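First comes the structure, then the notes that go with it.
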Amino acid sequence: MTAESLHRTATAALEGWKTLDENDESLRHTMLAFLASAPLGCLREHVPGHITASSLVLDEGGCHVLLTLHPRVGRWIQLGGHCEPSDDTVVDAALREACEESGIPDLRIDPDLLSAHTHPITCSLGQPTRHLDLRFLVRARPDAHIVRSSESTDLRWWPVDALPPNAERSTIDHLVYLAGLR
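Residue numbers (this note's numbering): 11 to 192.
Here is the structure:
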């Protein structure tokens, strides 16, 4: 991994993102402007904010979504996290995070950006920062067995039409909609 390869692929993902509304288009331009001003913006060490990579993991039929109960956030959210030295691209980072956090070794990722989101957080840096999250669609084979990692309080498959009450509902509903399941 180089900061340059992650930066280049994050920029390309955002440039190729087919947004559906003016809010997403505005976010796309904001993230591209951030990257244009932050050559190290894909690295967690970039304290003002950094690109993260997430995955909406669905079962093969698209009836269930895999969510993690995040210990810091305290809500059910999609899988994902920071780009690491082993990642050549942001797609690689999203897939690695999904495999690590789910325990499923053979997930399949769509390389086209599904959505993006930004939120303030105090992450592993120990100080407030901002995650600029690039989100991708990932599919699991029908017989996939999940294994909770140490990064999660809980990990479960949920029906896409019956999410848990403390899910990051609007985000997950939006992602499921974008994946063409509603």
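We treat Cβ as the ideally placed atom computed from N, Cα and C, and that holds for glycine. Here the structure is a predicted model, which means the values were calculated and not measured.
Kindly confirm or deny that the region 147–156 and the region 65–81 touch, where touching means at least three C-beta pairs closer than 8 Å. yes
Curious, which full-length alpha helix (DSSP H) runs of at least 4 residues does the region 31–70 contain? 32–47
Other residues of its chain near A266: CB distance less than 8 Å, five sequence neighbours each side excluded: Since the displayed the chain opens at 11 and closes at 192, residue 266 lies outside it and no answer follows.
Please classify T78: does DSSP put it in a helix, a strand, or coil? strand
Rounded to whole angstroms, what is the Cα-Cα separation between R192 and P175? Model confidence at R192 stands at a pLDDT of 48, short of 50, so the residue's coordinates are unreliable and nothing is read from them.
What does DSSP give as the partner residues of S125 in its beta bridges? R145
Less than 8 Å between the CB atoms is what I'm expecting for S125 and L188, so what's the real figure, rounded? 6 Å
What three-state label does DSSP hand R192 in the structure shown? For R192, the predicted model reports a pLDDT of 48, less than 50, meaning its position is unreliable; a value from the coordinates is still stated below. Looking at R192 - three-state DSSP - the assignment turns out to be coil, as it is neither helix nor strand.
Cβ-based burial, R38 [other Cβ within 10 Å; buried from 16]: buried
Identified DSSP bridge partners for W168: V75
Would you be able to state if there are at least three C-beta pairs under 8 Å between the region 15–24 and the region 36–53? yes
Length of the line joining the Cα atoms of L185 and H60: 21 Å
Give the DSSP-derived three-state secondary structure of D87 in the structure shown. Position check: residue 87 holds Ile in this sequence, whereas Asp was assumed. In the structure shown, I87 sits in a strand (DSSP, three-state: E or B).
Buried or exposed: E107, going by 16 or more other Cβ atoms within 10 Å of its Cβ? buried
Neighbourhood of C109 by C-beta distance below 7 Å, restricted to the same chain and skipping five residues each side: P115 and L117
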